[in-house]
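Novice: Have a look at this one before I ask anything.
Protein chains: 2
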Amino acid sequence: MRVTLKDIADAAGVSIMTVSNVINGRHARVSAETTARIQRIVGQLGYVPNGQARSLAAQTSQLIGLLVPAGHGSLAITPHHAEFLGQAERQLRRHGYHLMLRGIAEPREVAEALRSWSLDGAILLGFLDEDIDRLDRRTIGSIPVLAIDSYSANPLTIGVRSDDVTGARLAAEHLLSLGHKNIVFAGPTVHNAGVVHERFLGFQQALHQAGIPDPAVETADTTHADGVTLGRRLLDTHPHATAVFATADILAIGIMEGLTEAGVPVPQRVSVVGFDNLDISSYTTPKLTTVAQDITGKAVEAVTRLLAIAENGEHPSAPAVLDVELISRMSTAAAAS
Amino acid sequence: MRVTLKDIADAAGVSIMTVSNVINGRHARVSAETTARIQRIVGQLGYVPNGQARSLAAQTSQLIGLLVPAGHGSLAITPHHAEFLGQAERQLRRHGYHLMLRGIAEPREVAEALRSWSLDGAILLGFLDEDIDRLDRRTIGSIPVLAIDSYSANPLTIGVRSDDVTGARLAAEHLLSLGHKNIVFAGPTVHNAGVVHERFLGFQQALHQAGIPDPAVETADTTHADGVTLGRRLLDTHPHATAVFATADILAIGIMEGLTEAGVPVPQRVSVVGFDNLDISSYTTPKLTTVAQDITGKAVEAVTRLLAIAENGEHPSAPAVLDVELISRMSTAAAAS
DNA sequence: CTGAAAGCGCTTACAG
DNA sequence: CTGAAAGCGCTTACAG
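As given, the protein sequences belong to chains V and X, one line each in that order. Mapping to UniProt numbering: the first sequence position 263 is 263, numbers consecutive. Mapping to UniProt numbering: the second sequence position 68 is 68, numbers consecutive.
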């Protein structure tokens, strides 16, 4: 049926040990001619090593898990996550690792996910900081775990994220430079931690430096629908507002639609800035001004750091922080005087 | 270190066989009290079976591969693919299977991907029919392989797709009913096979029935940029056109933008219909009329059929064909007279 | 440079 | 109802 080391060994008239050495590139232990002969047979028979057997014997799986919250339905893979996923798979493949994608419906499933396939490491994508905080030795064991976009201080995990404070500051400064003084901050609940909170801090910082008091805050989920709702009534609630900073593009796009529906011209009456620079943010009318994250950079950093720990036990103390960039497009303009 | 069957067996004072039987729910073979005792210990020690060892011994991995073309860069996961991915993972998890995500840069990697982890089956997402056609026994072996959106006649694979002919026909009939007679078909090369060809056939069919000759065809890649380019010059090339049917939403959205740039009002002067019903298609201005695919249905069918073969050897002969639906929005209107 | 032995953590018949 | 033996396909020391 399937071709095994033994089949190669028999065909070559050597032991499976020797074949194993050739397969694994330990050329110093095998003569050049034997190596050549074995390699030829391997090619002819189409031998592919059995990952399970290898993992079991070598006590390392070359497997990295990508864990994503699942709720009761399917994985909620945002466009932003999809791009990260693609980049991460590529980086792992380049390093000879494979990716297992796993939805997590309940916290206890994390332990099971990590152990059932002897993962060499795991990347957590889209989890809340409070979930990351709760991860303990009993669930994680000694497996390196990396959390994307996390501000958790959990020493058992390492973080890879964007410079959210700077990103929000750039957005605010852009609006301030256009003469806006009455800016609404829109996003999910501003916890006292997490990505949204950091963006709020950066935003607030810039306003304070310009001598402007705290912005009005509007709570909205990171969905298009919530954006539309907020946009429709924005000027009812905040009649003097001339700009909105939303913590996500998808929300900003909804807000633009709601404003337009309500007869409020964007950007002439109200400017809108988002965060993420999704592909679709340049397909809207007007095209969205936003803060771009370095998704490729996140994936590269995540994989590099995770494998460094898995292979060499190096445990970096500081999280990786990726640069952000303001992308100025058509949804922002000088404040109406 | 890690908790094994042996640890449980020692703690319970039984053989590993008995523990194995309990873990695998073969309750008929173990007394109720022994079962209870073992289950308690399993819970206390946090035992998780070792997937690799299980695969190796049982000759079945409970692993399904999701193979995606990778080119030289990262996986190109479209929003459409991301949603399928999430749904497929969910279905697999419900059935106790796990998903390996694997980018394929060269055709020969398929064989390696299937064998290296003893996959019980594989789903091919985003491959061209010509790639599917070339799959042979030597690469596939006896592993069930299912191709999404494929019209390949390769008997070694099974297909799951939307009813593309009907979808295109619905789009055409919608435009015809609005009085359009001069409609441009826009999409990638209309091969003599594949999804695009089927959509062309359905489209053509509807026109013929209405006594209208073959539509003008414009070749464009399935990208926003190609759509913009096409939209800008559409009326230069086809001065009498009053409508466009694009084989993908992303392309249609680009076309709308190009038309608008060129000063052509959509839908007053030119109507546009897409295909896919992406989330973003309702965020554009105007919102896009399009043909919706049943992505959840695709995932359910794909997983159900794949596992039926993997577990029972049932090989369905006919491909699964999912229903489509026209979503009428704001990008289509009565033909200008 | 080459190989025999032990073991990774399970399951599959089979015997009691 | 319970268990001893063999084996899945590899790798890891270790011996020659």
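Positions of the beta carbon are idealized from the N, C-alpha and C atoms, including for glycine. Please read these numbers as outputs of a predicted model, since none were measured by experiment.
Start and end of the alpha helix (DSSP H) containing I255(V)?
Specialist: In this chain, the alpha helix (DSSP H) harbouring I255(V) covers D249 to E261.
Novice: Count the C-beta pairs between the region 214-223 of chain V and the region 153-164 of chain V that are closer than 8 Å, then say yes if the count reaches three, no if not.
Specialist: The region 214-223 of chain V is not in contact with the region 153-164 of chain V.
Novice: To the nearest angstrom, how far is the alpha carbon of A246(V) from that of R269(V)?
Specialist: 17 Å
Novice: Which value, in whole angstroms, describes the spacing of the CA atoms of E325(V) and T290(V)?
Specialist: 8 Å
Novice: Run through chain V and tell me which residues come within less than 9 Å of N277(X), C-beta to C-beta.
Specialist: Correct list: empty, because the minimum Cβ distance to chain V is about 14 Å.
Novice: For E112(V) and chain X, any beta-carbon pair shorter than 8 Å?
Specialist: yes
Novice: Leaving aside the five residues before and after L119(V) along the sequence, list all residues of the same chain whose C-beta is less than 8 Å from its C-beta, in chain order.
Specialist: S61, L63, I64, G65, M100, A113 and I143
Novice: Exposed or buried, which one is H180(V) when buried takes at least 16 other CB atoms within 10 Å?
Specialist: buried
Novice: When you compare the CB of G73(V) with every CB in chain X, is at least one pair closer than 8 Å?
Specialist: yes
Novice: Span of the alpha helix (DSSP H) holding T242(X)?
Specialist: Bounds of any alpha helix (DSSP H) do not take in T242(X), whose DSSP letter is neither H nor E.
Novice: Inspect the CB distances between the region 282-302 of chain V and the region 315-332 of chain V and report whether three or more fall short of 8 Å.
Specialist: yes
Novice: Residues of the region 90-101 of chain X in Cβ contact with chain V at a cutoff of 7 Å, in chain order, please.
Specialist: Interface annotation for the region 90-101 of chain X against chain V: R90, R93, H98, L99, M100 and L101, criterion Cβ-Cβ distance under 7 Å.
Novice: For A76(X) and E83(V), what's the separation of their Cα atoms in angstroms?
Specialist: When rounded, the distance between both Cα atoms is 8 Å.
Novice: Rounded to a whole number of angstroms, what is the C-alpha to C-alpha distance between V266(V) and I253(V)?
Specialist: The alpha-carbon atoms of V266(V) and I253(V) are separated by roughly 11 Å.
Novice: According to DSSP, which residues form a beta bridge with H27(X)?
Specialist: Bridge partners of H27(X): none, in fact.
Novice: Identify each residue in the UniProt domain "HTH lacI-type" (3-58) of chain X for which the Cβ-Cβ distance to at least one residue of chain V is less than 7 Å, and report them in chain order.
Specialist: G46, V48, P49, N50, G51, Q52, A53, S55 and L56
Novice: Using alpha carbons as the reference points, say which of L234(X), E89(X) and R138(X) lies closest to L259(X).
Specialist: L234(X)
Novice: Short of 7 Å in beta carbon distance, which residues of its chain neighbour S55(X), apart from the five on each side in sequence? Order them along the chain.
Specialist: S61 and S118
Novice: Could you work out which residue in Q293(V), S271(V) and V272(V) is closest to L278(V) when comparing CA atoms only?
Specialist: Minimum Cα distance to L278(V) is reached at Q293(V).
Novice: Could you list the residues in the region 284-313 of chain X with a C-beta less than 7 Å from some C-beta on chain V, going in chain order?
Specialist: T284 and T285
Novice: Would you report the Cα separation of A334(V) and L178(X), rounded to the nearest angstrom?
Specialist: Cα to Cα, A334(V) sits roughly 42 Å from L178(X).
Novice: Let me know if A36(X) comes out buried or exposed under the rule of 16 or more other beta-carbons within 10 Å of its beta-carbon.
Specialist: exposed
Novice: Considering only residues of the region 165-219 of chain V, which uninterrupted alpha helix (DSSP H) runs meet the minimum length of 4 residues and lie entirely inside it, listed in chain order?
Specialist: 195-209
Novice: Quick check: is the beta carbon of Q268(V) nearer than 8 Å to any beta carbon in chain X?
Specialist: For Q268(V), the closest Cβ of chain X is not nearer than 8 Å.
Novice: For P79(X), go through chain V and note every residue whose CB falls closer than 8 Å to its CB, in chain order.
Specialist: Ordered by position in chain V, the residues that pass the 8 Å Cβ test against P79(X) are P79 and A82.
Novice: Closer than 8 Å, CB to CB, is L156(V) near chain X or not?
Specialist: no
Novice: Go to P69(X), then tell me how far its beta strand (DSSP E) extends in each direction, as first and last residue.
Specialist: Looking at the DSSP string, the run of the beta strand (DSSP E) that includes P69(X) is L63 to P69.
Novice: Note down, in chain order, every chain X residue with its Cβ under 7 Å from the Cβ of I280(V).
Specialist: I280 and Y283
Novice: For Q293(V), write down the residues that DSSP places opposite it in a beta bridge.
Specialist: Bridge partners of Q293(V): V324(V).
Novice: Run down chain X in chain order and give the residues with a C-beta less than 7 Å from the C-beta of residue 368(V).
Specialist: Outside the shown range of chain V (1 to 337) lies residue 368(V), about which nothing can therefore be said.
Novice: Check for me: the beta strand (DSSP E) holding H98(X) runs from which residue to which?
Specialist: H98 to I104
Novice: For a contact defined as C-beta to C-beta under 9 Å, what are the partners of R138(X) on chain V?
Specialist: Annotation: Cβ neighbours of R138(X) in chain V (cutoff 9 Å, chain order): G46.
Novice: How many whole angstroms separate the CB atoms of Q205(V) and D214(V), which I take to be in contact at a CB cut-off of 8 Å?
Specialist: Not a contact, Cβ separation roughly 11 Å.
Novice: Secondary structure at L124(X), three-state DSSP: helix, strand or coil?
Specialist: strand
Novice: Does at least one heavy atom of the ligand ATP sit under 7 Å from the Cβ of I280(V)?
Specialist: In terms of ligand content, the structure shown is empty, and the ligand ATP therefore cannot be addressed.
Novice: In angstroms, rounded to a whole number, what distance separates the CA positions of residue 389(V) and A153(V)?
Specialist: The first residue shown for chain V is 1 and the last is 337, placing residue 389(V) beyond what the model contains.
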